[in-house]
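Read the structure below first, then the notes.
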Amino acid sequence: VGVPLAGVYREALNSDAFRYGGGGGLNGELCALPVFHMGQAFSLILNLPPLTGVVLVLDPAGSEEEMPGEP
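Taking my numbering, the leading residue of the sequence shown gets 4, the next gets one more, and so forth.
Laid out in structure tokens, this is it:
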């Protein structure tokens, strides 16, 4: 799936988690790859079981360091 920013993404919600009655197919941390996809500069490879909803958030603690010259 395409994402706009580089860095580490984590699951804020995965309906396939055991606590929701799912099979436990969790992705954990996902690192964005510099591969253009779906109109976005970066992309993630993730497992998405059938009938599963996933919400991903960019983890500021796991994101790349600032580029040189940025404040």
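Note that the Cβ used here is the ideal one computed from N, Cα and C, for glycine as well.
In this structure Val57 is in contact with Leu16, their Cβ atoms being roughly 7 Å apart against a cut-off of 8 Å. According to DSSP, Glu14 shares a beta bridge with Leu59. Here Gln43 really is in contact with Val6; their C-beta atoms are around 6 Å apart, less than 8 Å. Assignment of Phe39 by DSSP, reduced to helix, strand and coil, places it in the coil class.
In the same chain as Cys34, and ignoring 5 residues on each side of it, the C-beta atoms closer than 6 Å to its own belong to Val11, in chain order. Taking a C-beta distance under 8 Å as the contact criterion, Gly25 and Thr55 qualify as a contact pair.
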